[in-house]
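Below is one structure, written out as structure tokens, with a few remarks after it.
Protein chains: 2
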Amino acid sequence: MARKTHTTPEAAQNAILDAAEKIVVEVGPAGLRLSAVARSAGMAHPNIIHHFGSREGLLAALADRVGARATERITNAITAALDAKEDDRVAAMTHIFDSAYQGDEGKVAVWMHLSGAESSLKENMARIVEASHRLRQSIDGEVKLSNTNRLVMLVTLALVGEVVSGGAIKEALGFGREEAKRAHFRQWLAELLLNLSDEELDTSLDLDTLNSL
Amino acid sequence: MARKTHTTPEAAQNAILDAAEKIVVEVGPAGLRLSAVARSAGMAHPNIIHHFGSREGLLAALADRVGARATERITNAITAALDAKEDDRVAAMTHIFDSAYQGDEGKVAVWMHLSGAESSLKENMARIVEASHRLRQSIDGEVKLSNTNRLVMLVTLALVGEVVSGGAIKEALGFGREEAKRAHFRQWLAELLLNLSDEELDTSLDLDTLNSL
DNA sequence: GCTGTAGTTTACAGAATTGTAAACAGTAAA
DNA sequence: TTTACTGTTTACAATTCTGTAAACTACAGC
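Chains as they are written, first to last, in my numbering: chain U, 7 to 219; chain D, 7 to 219.
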């Protein structure tokens, strides 16, 4: 292999992470091979170990980067929705859902999580809930935080499901694999959730009591 | 290894599949090792290859069995809900959601699917939609099939998400990992969906037109 | 320029995994 | 009882993968 000029550690690590991310999208973290990453990044595989200590170290670093990026994209979309006019709310909400996918990072995030890398999931979700609650309050006035939690949960789980299903479930249900139809479901969900009042979200269950157990 | 008395092929295959299922719950299909399956099933690993042809063959057989069992449990729960009195509908609906989990088969099904085994997903989903539509019609009278599709999709994706997240997302959102609190979310979702009329499920989007593209 | 630090590569070790081949041993049927 | 079939095991081959060791080299600072 042609000897490469030295770069900064950051540049090398980013190149490795980029290559690893591409591979994880295709085969999942369990299928990630250092040799494949090295080939894609144009270097010899021991160099990866030099930079990340081990295969595990690489996966942990990837989980961190992917989680942070996805969280930032999502919270940005939520913040942007704060400024949307009433007519554009469905589009803004849809954009929030869409933002969970861009660049396959959502898929990688789920993959990583499924393989045990929780990294800073708790902090990331807290940021998303906070932003979502501000958005709900800007639309409906005073609303319950417990209902925001429920909605974020529902949407998060559904988005995770969509990422995982990779379109197969939608196809099986007649929604089609094409991105247009898949996006359609997200838009429908956005409109449905926007039409739900805070009162409708309160069921007979008392979540706050349960949480204080 | 102590030589074993001969059994029927079915018994041996079931023992292997049982062992494989346990392992996949823990480490996913990618982490399944023939030696581990063999140890758990109490036999030598070449015997697995004798029965299933290859590691891939074993995974395909497991995907089939798990998908069939999960579909049967879910459709049974839906059918049972048809007979529920009005007061018991939330409980019946919750039971439908719960039934996707029993015996870890839901988790295994998602794992398998994520690893590319689609087996007979389409047929299974068709059965679930059919049963769900009957249930909706018995409750609300004439309802649109397209809305049943949407609801089944939403619930399926959310359940897939819950299976995948393994409680971590819920914990991050303050719902807790304990089964009681996790079940609570499913009950909330059941009540929410039961309160939605068919009209509320129709948004400005015309799905039927889109599907005829 | 020289020197030290660190990014990079080659070569290799050690372990683990899937799959094969052949022998072995129950079981059922002739 | 003998024979044939097949479930089962042992031993092994071939590959693949992670991680180590040591050498090589680019670049920065003295």
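Idealized CB from N, CA, C, for every residue including glycine. Computed from a predicted structure; not experimentally measured.
Inset, instruction - Would you please verify whether the beta carbon of D:V135 is less than 8 Å from any beta carbon of chain U? - result: yes
Inset, instruction - Note down, in chain order, each residue of its chain lying with its Cβ closer than 8 Å to the Cβ of U:S125, except the 5 sequence neighbours on either side. - result: A66, A69, D70, G73, M118
Inset, instruction - Please state if the CB of D:V149 and the CB of D:V30 are separated by a distance shorter than 8 Å. - result: no
Legend entry - Cβ pair D:I102, D:I80 closer than 8 Å: yes
Legend entry - U:S46, enclosing alpha helix (DSSP H) - first and last residue: 40 to 47
Inset, instruction - On a CA-only basis, which of U:A26, U:T77, U:A47 is nearest U:G63? Give me that one, please. - result: U:A26
Inset, instruction - Taking D:N82 as part of the alpha helix (DSSP H), name the residues at either end of that continuous run. - result: 61 to 88
Inset, instruction - Output, in chain order, the set of chain D residues within a Cβ distance shorter than 7 Å of U:G37. - result: A36
Inset, instruction - Measure the alpha-carbon distance for D:L23 versus D:G112 and round it to whole angstroms. - result: 15 Å
Inset, instruction - Would you give the residue range spanned by the alpha helix (DSSP H) that D:V96 belongs to? - result: 95 to 105
Inset, instruction - Would you verify that the beta carbon of U:M159 is, or is not, closer than 8 Å to some beta carbon of chain D? - result: yes
Legend entry - Residue-chain proximity (U:N217, chain D), Cβ-Cβ < 8 Å: Confidence is the limiting factor: at U:N217 the pLDDT is only 49, short of 50, which leaves the residue's position unreliable and the question unanswerable from this model.
Legend entry - For D:H51, the three-state DSSP class (helix, strand or coil): coil
Legend entry - Closest Cα partner of D:L160 within the set D:F181, D:A196, D:L127: D:A196
Inset, instruction - Kindly indicate if chain U contains any beta-carbon less than 8 Å away from that of D:M131. - result: yes
Inset, instruction - Would you check if the distance between the CB atom of D:R45 and the CB atom of D:L88 is smaller than 8 Å? - result: no
Inset, instruction - Can you have a look at D:S60 and say buried or exposed, based on whether 16 or more other CB atoms are within 10 angstroms of its CB? - result: exposed
Inset, instruction - Rounded to whole angstroms, what's the CA-CA distance from U:K176 to U:T13? Just pull it up for me. - result: 45 Å
Inset, instruction - Verify the CB distance criterion: does D:S144 have a CB-CB separation below 8 Å to chain U? - result: no
Inset, instruction - Using a cut-off of 7 Å between C-beta atoms, extract the partners of U:T209 located in chain D. - result: W194, E197, L198
Inset, instruction - List the residues of chain U that D:I175 touches, going by C-beta distances under 8 Å, in chain order. - result: L127, M131, M159, T162, L163, V166
Legend entry - contact_flag[the segment 164 to 173 of chain U, the segment 153 to 172 of chain D] where n(CB pairs < 8 Å) is 3 or more: yes
Inset, instruction - Step through the CB atoms of chain D and report whether any lies within less than 8 Å of the CB of U:G63. - result: no
Legend entry - Own chain, CB closer than 6 Å to U:E92, minus 5 neighbours either side, in chain order: none
Inset, instruction - Quick one: residues in its chain with C-beta nearer than 7 Å to the C-beta of U:D204, no 5 flanking neighbours on either side, listed in chain order? - result: D146, V149, K150, N153
Inset, instruction - Can you grab the Cα-Cα spacing for the pair D:S144 / D:T162, in whole Å? - result: 21 Å
Inset, instruction - Determine the chain U residues that contact D:R140 at a beta-carbon separation under 9 Å, and present them in chain order. - result: Residues of chain U passing the Cβ test: none, with the nearest at roughly 16 Å.
Legend entry - chain U residues whose Cβ lies nearer than 8 Å to that of D:R188: Those do not exist, as D:R188 stays about 10 Å from chain U at its closest Cβ, beyond 8 Å.
Legend entry - For D:M131, the nearest candidate out of D:K187, D:A76, D:A178, D:R39 (CA to CA): D:A76
Legend entry - Inter-residue spacing [alpha-carbon to alpha-carbon] between U:A36 and U:R133: 29 Å
Inset, instruction - Under 8 Å Cβ to Cβ from D:H190, same chain only, skipping five residues before and after it: list those, please. - result: F181
Inset, instruction - In the DSSP assignment, find the unbroken alpha helix (DSSP H) run with U:A26 in it and report its ends. - result: 15 to 33
Legend entry - Interface partners of U:R71 on chain D, CB under 8 Å: The contacting residues do not exist; U:R71 stays about 19 Å from chain D at best.
Legend entry - Complete alpha helix (DSSP H) runs within the segment 127 to 157 of chain U (minimum length 4 residues, chain order): 127 to 146
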